[in-house]
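Enquirer: So the mapping is simple: this note's numbering equals the position in the sequence shown, first residue as 1, plus 1099.
Before we start, here is the structure in question, set down as structure tokens.
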Amino acid sequence: MTHPLILTPAAAQRVAAIASKQAKPAILRLSVEGGGCSGFQYKFDLAEAADADDTVSETEGVQLVVDPVSLDLVGGSTVDFVESLGGAAFKVENPNAAAGCGCGSSFGI
1100 MTHPLILTPA AAQRVAAIAS KQAKPAILRL SVEGGGCSGF QYKFDLAEAA DADDTVSETE
1160 GVQLVVDPVS LDLVGGSTVD FVESLGGAAF KVENPNAAAG CGCGSSFGI
């Protein structure tokens, strides 16, 4: 894999907990959509399975899956789960993002 994706142990544990509560597989799908205050925004969903053309990264038995189109925008990223006074959320550290916004959920290339 040219641009590895990394799911941190904290994010893997959170996905596993959410998946367990919803009786779903521990598969987190990261995708990119147009929109947000910087041009693109991250979208997270639990997936039933990885698609044949997805890139898959695994941490502690939890899979992070990304489709080929989104991979062009998020390749090399690290997905973490952070808790702060402002709340708790998944956070993407994206080396491809030239700009971001204060909310951390959108980015520009």
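No residue lacks a Cβ here, since even glycine has one placed at the ideal position from N, Cα and C.
Mind checking which residues open and close the beta strand (DSSP E) that includes Lys1120?
Expert: On the sequence shown, position 21 is the one that residue 1120 refers to. Careful: Lys1120 lies outside any beta strand (DSSP E), inside the alpha helix (DSSP H) at Pro1108 to Lys1120.
Enquirer: Would you call the CB atoms of Phe1143 and Leu1127 closer than 8 angstroms?
Expert: Along the sequence shown, one-based indexing puts residue 1143 at 44. Along the sequence shown, one-based indexing puts residue 1127 at 28. Yes; because the gap between Cβ atoms is below 8 angstroms, this pair is in contact.
Enquirer: With Ile1166 as the anchor, note down where its beta strand (DSSP E) starts and where it stops.
Expert: Taking the first residue of the sequence shown as position 1, residue 1166 is located at position 67. A small fix is needed here, since residue 1166 is Asp in this sequence, not Ile. Looking at the DSSP string, Asp1166 is not in any beta strand (DSSP E), and its letter there is neither H nor E.
Enquirer: Within the continuous beta strand (DSSP E) that includes Lys1123, where are the two ends?
Expert: The sequence position of residue 1123 within the sequence shown is 24, counting from 1. Run containing Lys1123: none; DSSP gives neither H nor E here.
Enquirer: Shortest alpha-carbon distance to Ile1105 belongs to which of Ser1119, Gly1186, Ala1149 and Leu1129?
Expert: Translated into the one-based positions of the sequence shown, residue 1105 becomes position 6. Measuring from the Cα of Ile1105, the nearest candidate turns out to be Leu1129.
Enquirer: For Leu1163, count neighbouring C-beta atoms within 10 Å of its own C-beta (all shown protein chains included) and say buried if the count is 16 or more, exposed if not.
Expert: Against the sequence shown, residue 1163 aligns to sequence position 64. Buried, because 16 or more other Cβ atoms sit within 10 Å of the Cβ of Leu1163.
Enquirer: Examine chain B for any beta-carbon lying closer than 8 angstroms to the beta-carbon of Ser1119, and answer yes or no.
Expert: Absent here is chain B; the protein component of the structure consists of one chain.
Enquirer: Is DSSP giving Leu1184 helix, strand or coil here?
Expert: For the purposes of this step, residue 1184 is taken as residue 85 along the sequence shown, with counting starting at 1. Leu1184: coil per DSSP, three-state reduction.
Enquirer: Looking at the secondary structure, which residues open and close the beta strand (DSSP E) in which Ser1176 lies?
Expert: The residue given as residue 1176 occupies position 77 in the sequence shown. It is not in any beta strand (DSSP E) - Ser1176 carries neither H nor E in the DSSP assignment.
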